[in-house]
Every structure is written in structure tokens, then in C-alpha cells.
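Here the structure comes first, spelled out in C-alpha cells, and everything after it is commentary.
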Amino acid sequence: MSRTTTAVGTSLPDSWEELVTTALLGTDRRTPAGSVPGPDAPSALLDAAAVATVRRRAGLRPARAAERPRPAPDDPRPPLPSAAARRLAMLLADRPGVSGGGRRGTAPDLMELLPQWLAAANARGFAAPPAALPALLDAARGRTDLRPAALRFAGPRALWLARFNPDWRFALRSTPGDGTSTPRLHDTEGVRRLWEEGLFAERVALLAALRSRRPAAARELLAAGWATERAEDRLMFLDSLRTGLGPDDEPFLEQALADRSRNVRATAAELLSALPGSALAERMAVRAGACVAVDHTRDTPTLAVEAPHECDAGMERDGVVARAPAGRGERSWWLGQLVEAAPLGSWSRRLGGRTPREIVALPVADGWQGELHAAWCRAAVRQRDAVWSRALLGEPSAPEAGGPGAVSLAERAQLLGTLDAAERAEWVAGFIETHGLSEAFQLLGVCAVPWAAPVGRAVVDALNIARDAGSYPWSFSGVMGLAERCLDPSEAGHLDALLAVPDEPEDASPGAGGYWSEAFQRLVTTLRLRAAMLTELTPAAT
Amino acid sequence: MTQQGVRWTADQVLALAPDSASRTAGSELGTAGPWSGAGSSGEGTVWGLCADGGSAPYRTVVDVADAAGPACQCSCPSRGFPCEHALGLLLLWAGGDGAVPRGEAPEWAERWIAGRRTRAEREPAAGSSGSAGPEAARRRAARRAERVTAGAVELERRLADLLRGGLAAAEQPGYGLWEETAARMVDAQAPGLAARVRELGAFAGTGPGGPVRLLEECALLHLLGRGWLRRERLPEGLAATVRSRVGLPVSADGPAVRDHWLVLARYDTADSRLTTRRVWLYGTDSGRTALLLSYGAAGRAPELALPVGLALDAELSAYPGAGQPRMALGERFAPPAPTDARPPGTTTARAAARYGEALRDDPWLDAVPVTLDRVIPAPDGDGWQLADADEDAALPLTPAARSRPGLWRLVALSGGAPVKVFGECGHQGFTPLAAWPEGAGEVVPLC
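Those protein sequence lines, which keep their order, are chains A and B. Per this note's numbering, the very first residue in the first sequence carries number 189; after that it's consecutive. Per this note's numbering, the very first residue in the second sequence carries number 10; after that it's consecutive.
Put into C-alpha cells, the structure is as follows:
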């Protein structure tokens, strides 16, 4: 308050400070200026203080202006439609703890819809409403998984804002510079300067951005000062070459095979093996091919495996780790690495012109099947080979697909990732139809959102079956939650029949029917909400 | 009073309270906890058993359907009418969340209801004579004024004692004068004095600025006490301000002003007993700024729900007191509707001057409502200020406003560019309550 005062008190007969001192000490000890000691002294002091107080307040004047902040950079994106802006405010208001904990009942979990909303808004290129930026930054602060999408949507003004509040420092760390000092990628000089002088995080971000637009330029930037980088940094930088990996990268990666750091060497080898035409891939094909052959001496053709007897210097240079982890045989460890790094395309030639499906169907002698198939799985994922993935996945309805077979659920999920979305959906739907939901969570996670019709229908049918079987819905809460976020909103209409509380079968868990009805209610409400969300973000053509 | 079977709002219930003490006591009882066997009939009778400390629960029954105003009976010893149990029961009923279901009245309640009916039939015109007559009202008012006067004299004596010994004594921890004095002011039926005394306790011992604030507030309290004792000699406007500041019941008897009232801001403050809602309105035709107050029981939102940014076609009438903005909402002619209207703004210098001028009519005023045009929020040391875009002048934000999330919405909205800001401007600084971007755009609530 003193900031806004001008010198009013000084002109009073008894200055304000004098009054305060007297009041603190008491009129028994000090007589107020201009009055007589005695019973009326306190009253006289209060009279004077009242006049002074009102006078001081009435005389308040504005202070000098402090330095005004530099204006926030412009956000050229079009503003959010107002319905969508209101929706965003609602989603952001639904923080954990705000709406009371405990059972959700039929209310949708709004916070879980925020990632989807942000993705949709970013895809349409809308600017965030300025007043929503504090809540967006707070949400991103609490959930690291939200940060990239939230900060992208929040835009340059959020970074401008974050400079004023220490709680939002993370935004400045996760985004190089403060949104204004990042050079444009075609500004070669600016890029080089940031690369040479920037902080580690800034350099990683710069490299990633450059690599996604101009892969060769990123590699050249990296190659220029390669030898002087620290080992950990070299590893991170090398990793960024995964994006846009191509045959042009081979010479640089070959050179990195001779790196001082073993981790860098291993990463370089891994990247090279993902380039089926590379010299390393060719060397690996020869080594792996020497270990696997078709044995025609048996009744049915069988794969015979002869694991390598040693790990020579050449293998080590090509990224094979010589020392097996505890509990694993050295030879099978080496074999796994060779097969994983060998181009899958070389096997057909090596194994009598058979197709991948035929190769996978061949029996494997001496219990090598697990090791061999697992290595092929890793190879199929690394080389993004859909034909081999399909062969290794097999039929979704096959009995061994549901149990612990040669190929684990985690491996299947990864293999599915190499297929296109529609095929992935078909396979997962087929799997759920045969094996139910208990093993499906991981597989559903790799399906494209919103789920294609076959997946959605399979999940709803399976939930329906689970309900009829009389179990509680929270045994399926993981899948339910996924369904709320991933089911195509247009499916909501097909769910109406499930909303009623069913008659309880005799062997059902008590009350389960009501809880199921509640769970489906929430599912339908959430789907309707998501449909509304997307509509709001799609402005009507005017 | 109300149609049969229509539930009241918490506001309507609390308006029945004879004084603020019973209002707060009633609010505390307006939760399901102490009540059992509560129920209501379709004909506007509400009953329940309240376990409020005593050995046997009190039997409370209220009839709200009576045209002459609600009647109640309670087995508690309180002489207040209605007693806090009746208020609590009505609040519970007004809450409408199933705690007071429809049902058959128990025998003890039915007896009272039946007795009332027979009495009503015997003396059909009972409502207009006797206790409700204007003569009786004048006598009651005179009795209350005497008690307030006694309270003001006692307050003066206590303030004099305090100043004689020195404020430093009041800075000591455990100093009990404030709570005790506040209780005496409640007894004197001067809730306004009681509230100010209680606030004094908060200024004592609050660091370097504490003694200054304490002296300021003691002096203003003294000024108010003196104002009451000499109210006959004050101009009528100032006398009305003193009466309402002391806490005498006032009613909005100003002429009705019909306008399109733009809802500028709405915020709640709560203590352990009561939630107070403030709604600032701007009359787009009259250019007048008005404040509506609304109360709710603790933890429950007050009834008045006017959305910020909409305009309301309604009649408002002012409360007495010179220059004070409080008004009461009268008839509404249409539901609130969207509008592009914004209040006209001014500079920081004019805003500060406006506060100074308002002190002439009400020296106890903490802040006045002001709209600032073209100001830029700027960081200033630990705090923030609103700086004129075109002049070297700025108002600091109040310490309370600095720690509110609304500050960040304001800074984000501005982005370093000028904005229009509505808020309260006073001796503590400026409290922003709503803001508009310079170009097109909706109002952004900051509270």
C-alpha cells in the first residue's frame, strides 16, 4: 500500500509515524502531540488516527509503472470454436481430487479424455484460448505424458507465460529456448550455432526436429563434431537417427561400429541391421544362415540348428554381445543375436525357397524352436516386416495363441505393430472372440484409436459375455477404461440394450448386474461425450 | 408466503433469521448430522428431532404455508424466533437432497398442527393485530438501538483501555481481547461491530505492517462507534451508512431501477458458518454498478446463480446509505441473455481518485468497483501491478489477488498487451475480478 501513497502524512500536525509510535507505547507512557494527558488522551489519539487514515486513503495515487513485459509472440493459428473452448475448460476442471475420489459411478472420467481432445485439436491446428493456458500448464505439470501435446497446443504464449511462474519451468525445459529463440530449420547458420552452443536438451530437440524434416542435414550436423561428443550424448544423438533411417546413413553407422563406447557400437549395429541392404546385414545373414538348415534326413523336413561355437572379433564388431546374461547358454545367446540381426528376406533363399509361413510351420529339432522363433519375432519387429509378422502371429483363433506359446503376448503385441491398422484390428478381434478379454489388454493397446468396427464389436460382445457369466465389472476395469477412450463413438447406439439392470443368474456375484449397468452407462456417456467433443472441434463450413 | 409444497431456497430461509448469530447457528444445524426422523407434509409443514447437545432431542416443527409468515415450535429453551433449530431444519429441507422426505407427521407434530388449525379458525384475523403492529415494531427498534448504544459505549471504553496500555500489548500471542469483545458486540446486537472487531484480531501480530493496520482499523472502529453515538447529528445518507455498518437490519427500499444488468463478476467467500456470494452487475443503460449479496449455509453454494458475461433484464432496488453499491434483485423480466456490452473503463489515476471520493460518503469503505481501460499486468518485485498502457502510472494488485489462479488467467489473456479489467480498487490495491481482451472476445472471469 505504501507504493501508492504520496506524501500526505507529512503535512499533518502530528505525523502518522508519531501516531503509530504513541499507539504502540500507549497514552499512559506517551502523550499524543497536541492533546493533554488524562482520560481523554486515548480518544484524542484515535480521533487523530481516524482522520489520518481516511486522509491517507483518500489521497492514494497510482505508483510509477514497473517495466512492462515484452509482448507474447503471435499465435497465427485460428481460435478454438467457442463450444470447444468451453469443453476444454470442463476437461481441465476435472482434476483428480477435485470431483471427489472413490467410485466413479456413471460419470465419465474427463481427465482421461484430455489426451484425445488435445490430439484432435492439434490435428486441426487450433490455437489455445489464452485464458485456458494456466490450467493447461498445470495439467501438463501434473502429467508428463500430456506434456508434448499440451505444450504444442498451448503454443508460444504458454512459453511466454511460463517464464513468470516457477511452477511452469518444466515447459521451458521441455521446449528448447523459450519459443522465440529456436532457429528456423532452414536457417543453417542459426541451426549450427544452437547445435554448437546449446544445452543438451536443446540440441536433442533440434536434432530430432531436423531429422524429421531433413534427415541428411541432421546426419551431417551430427557427423561434423562426432568425435568430440561425450559417450552418453553420442548414444542419445545416434538414437535420433531411428527416425527416417535409410541406406544413406550406412557409411556413418559403419563408422560408429568402431566407436569407443560399447553402447554406441551396439546401437549402430542395431540400426544397420534394420537396413536389409547394408553390408552388416549381409554379414549377419551369412553368419545366421550357417547356423540353420533344413534336415531332409528325417520323415518330415525339420529345421536343424547348429548354434555358433564362438563369438569372434568380427561378430563383436558387428554388435554381437559376447557375454551372455546369467542363466543363459552362450551359444544360444549368440544365435539369438545373429538371427535377430540377419535380414529376414535371406531365409527363403537359405531354406529351399519356402515362404515365411512355411518356414515358421517347420518343426525345429532339439528344442531350438523357442529360441529361433523369438529371434525371428525380434527381427520382424526391427525390420518392420509384415509378411514375417503375419506368419509368426499365426491364426488368432489357434489354441496356442491364447496360452504361453513360443511367442509371448508382448511379442505378439509388437508383431501386430508392424501390420496395417485394419489387419491388426481383424487379428485382435479374432483373438478376443476365441480367448476372451483376460489376455487382451496388451493387444488392445496397439490397436488404432478409435477402434475399428471388428475390435469394438468383439470387445462389447466379450464384456456382455462376462456380465452374463456373473462376474463383477471391475475385474474388467482395464478393458472398460480402454473401451471408454478407444471405442468408436458411433458404437454408442449399439450399447443401449446393455444399459438395463439384468436379472441376476443364481450363481452371479451379488449386485453385479447393477454395477454392470452402471459401467455400461458410463461407457455410453463417455462415447457420447467424445462424439460431441469431435463435433465441436469440426467447425461447420460457412 | 410461498406456494404449498414448493421448497424454499437457503436465501429465503436465512432471511428469516432474527440476527446474524442465530443465522450462523442455524446454518450449522442445516446438515443431516444432528437430525433424525425429519419429514415434511405436502401442506408445508416440516418436522424433525434435533440432537443438539441436550439429553433428549429437541422436537422442532415449522409451518411455512401460513399466509402470515412461517410459524414454528421447538422444545428448545431459546427465545429467538425462529430458533436456530427451526432455521436448521428449514435449511435441511431447502437443500432438497432427500434428508427431509415426504411423510406422515408424528403424533407430537400433528398435535401442534391441529392446534394451530383450530386457533386459526377461531381467530381468522389474528395476523394483522398485536405483535406485528407498527407501534410494536417501533418499540422493538428502539430497544435494539439502546442495546447497540450500550455496545458502542463499551467498545469505546475497551478501545480507550487498549490505547492507554499500548497496542504492543495486543501484539502478544494469546491476547484474548478481540474474541471477547466481538462476543460482547454480538450480545449488543451489533453484528457489524462484532465482525470488525474479529478482523482486528487478524491484523494483530502480522509482521512489520501489523501495527499500522491495527491502528488504522482501531481508529475506523472508533469512528464508527462515535458515528453511532452521534448519528442524530449526521446527514441522513451518512447516518444510514453508519446504521448499516453497525449491522442493523436494512431493507432495500430504494426505487426500482429496471435495466439490462451485465453480470461482471461473481465470487464466494466462506467462513466456517456461512458462504457469502457477491455478484457485481453493471447497468448497461443507467451506467450504474450494483452489488448483490446472497448467503448459503456452510459448504453449500448460495442460491443466486447469475452467469458471468450474460445480461439480465431486471429491476433492482438500492439499500439505504450514501454512495454504497448494494442493491436487491427484484422482478426479472427475462432469463439472462448473451450480450456484447462491456462497461466503459477509466485510467488508474481516475480509479484511485474515485476511491478517495467514495470515502467521503463512507469512510469505512475498503474498495470501490472500477473498470480499468487499456492496462497491462506487469510483474513488480514479488507482486504484480496493472500499468496504464499509455501513461507512467500503475495500481498494485492486492496481496490476496497475487496468490489467486485468476492472476495467471489475467496475465495469459493480456500476453503483454493492453486489456480491460473490472475489479475492486481500494487502499490495499486492486483486486481484478474480470477481464476482456482488447479485440473481440468474451469476458474472462478472474475470481
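Every residue gets a Cβ at the ideal spot worked out from N, C-alpha and C, and that includes glycine.
Query                                                                                                                                                                                                   : Result
Tell me whether the segment 231-241 of chain B and the segment 296-304 of chain B touch, counting them as touching only if at least three CB pairs, one residue from each stretch, are closer than 8 Å. : no
Per DSSP, which residues does B/Met336 bridge with? Please list them.                                                                                                                                   : B/Ala327
Starting from A/Leu207, find everything on chain B with Cβ-Cβ shorter than 8 Å and list it in chain order.                                                                                              : Leu224
I think B/Gln333 touches B/Thr250, with their Cβ atoms under 8 Å apart; what is that distance to the nearest whole Å?                                                                                   : 6 Å
Under 7 Å Cβ-Cβ, which residues of chain B neighbour A/Ala246?                                                                                                                                          : Gly365 and Leu368
Is there a Cβ from chain B that is less than 9 Å from the Cβ of A/Val242?                                                                                                                               : yes
Kindly provide the ranges of any beta strand (DSSP E) runs that are 3 or more residues long and lie completely inside the segment 403-486 of chain A, ordered along the chain.                          : 480-483
Which residues, in order along the segment 332-363 of chain B, keep a beta-carbon less than 7 Å from a beta-carbon of chain A?                                                                          : Thr357, Ala358 and Ala361
Quick check: what's the CA-CA separation for B/Leu455 versus B/Leu416?                                                                                                                                  : 7 Å
Who are the near neighbours of A/Asp554 in its chain, counting only those whose CB is closer than 8 Å to its CB and skipping five residues on each side?                                                : Ala492 and Val493
Check each candidate in A/Asp437, A/Pro336, A/Arg655 and A/Arg381 and name the one with the smallest Cα separation from A/Arg407.                                                                       : A/Asp437
Here's a check: name, in chain order, each residue in its chain whose Cβ is nearer than 7 Å to the Cβ of B/Leu422, leaving out the five neighbours to either side.                                      : Val428, Ala444, Pro446 and Val453
Along the segment 171-202 of chain B, what residues have a CB closer than 7 Å to any CB found in chain A?                                                                                               : Leu172, Arg173, Gly174, Gly175, Leu176 and Ala177
Pull up the DSSP beta-bridge partners for B/Thr69, would you.                                                                                                                                           : B/Gly57 and B/Cys83
Is there a Cβ of chain B sitting closer than 9 Å to that of A/Arg249, yes or no?                                                                                                                        : yes
Just to confirm my understanding: we take A/Glu205, look at its own chain, exclude 5 residues before and 5 after, and list those with CB closer than 6 Å. What are they?                                : none
DSSP puts B/Gln394 in a beta bridge; with which residues?                                                                                                                                               : B/Ala387 and B/Pro405
Give me, in chain order, the residues of the same chain whose beta-carbon lies closer than 6 Å to that of A/Leu302; leave out the 5 immediate sequence neighbours on both sides.                        : Leu279
Is the separation between the beta-carbon of A/Leu603 and that of A/Ser577 shorter than 9 Å?                                                                                                            : yes
Just to confirm before moving on: does the CB-CB distance between A/Ala563 and A/Val508 stay below 9 Å?                                                                                                 : no
Kindly say whether B/Cys456, judged by its beta-carbon, lies nearer than 9 Å to any beta-carbon of chain A.                                                                                             : no
In this structure, does DSSP put B/Arg111 in helix, strand or coil?                                                                                                                                     : strand
Out of A/Ala389, A/Ala601, A/Ala469 and A/Arg245, state which residue places its alpha-carbon closest to the alpha-carbon of A/Pro531.                                                                  : A/Ala469
For a contact defined as C-beta to C-beta under 9 Å, what are the partners of B/Leu321 on chain A?                                                                                                      : Chain A residues near B/Leu321: none, gap ~20 Å exceeds 9 Å.
Can you say whether A/Ile620 is buried or exposed, counting buried as having 16 or more other CB atoms within 10 angstroms of its CB?                                                                   : buried
Report the residue ranges of all alpha helix (DSSP H) runs contained in full by the segment 497-534 of chain A; include only those spanning at least 4 residues, in chain order.                        : 501-505 and 518-529
Give me the Cα-Cα distance between A/Ala211 and A/Leu233, rounded to the nearest whole angstrom.                                                                                                        : 8 Å
Name the chain B residues that come within less than 7 Å of A/Phe352, Cβ to Cβ?                                                                                                                         : Pro388 and Val420
Just to confirm, is the Cβ distance from A/Ala315 to A/Gly343 under 9 Å?                                                                                                                                : yes
Just the C-alpha distance for B/Arg68 and B/Leu96, rounded to the nearest angstrom, thanks.                                                                                                             : 13 Å
Determine, for A/Pro264, whether the minimum Cβ-Cβ distance to residues of chain B falls below 9 Å.                                                                                                     : no
Would you grab the beta carbon distance between A/Glu599 and A/Cys565 for me? Rounded to a whole angstrom, and I think it's under 8 Å.                                                                  : 5 Å
What does the alpha-carbon distance come out to for the pair B/Leu419 and B/Val430?                                                                                                                     : 9 Å
In chain A, which residues lie less than 9 Å from B/Pro91 when you measure between Cβ atoms?                                                                                                            : Result: empty, since nearest Cβ-Cβ is about 33 Å, beyond 9 Å.
Flag this pair as yes or no: are the beta carbons of A/Leu725 and A/Pro269 separated by less than 9 Å?                                                                                                  : yes
Give the range of the beta strand (DSSP E) segment to which B/Pro7 is assigned.                                                                                                                         : The requested residue 7 of chain B does not occur in the structure, where chain B is confined to residues 10 to 456.
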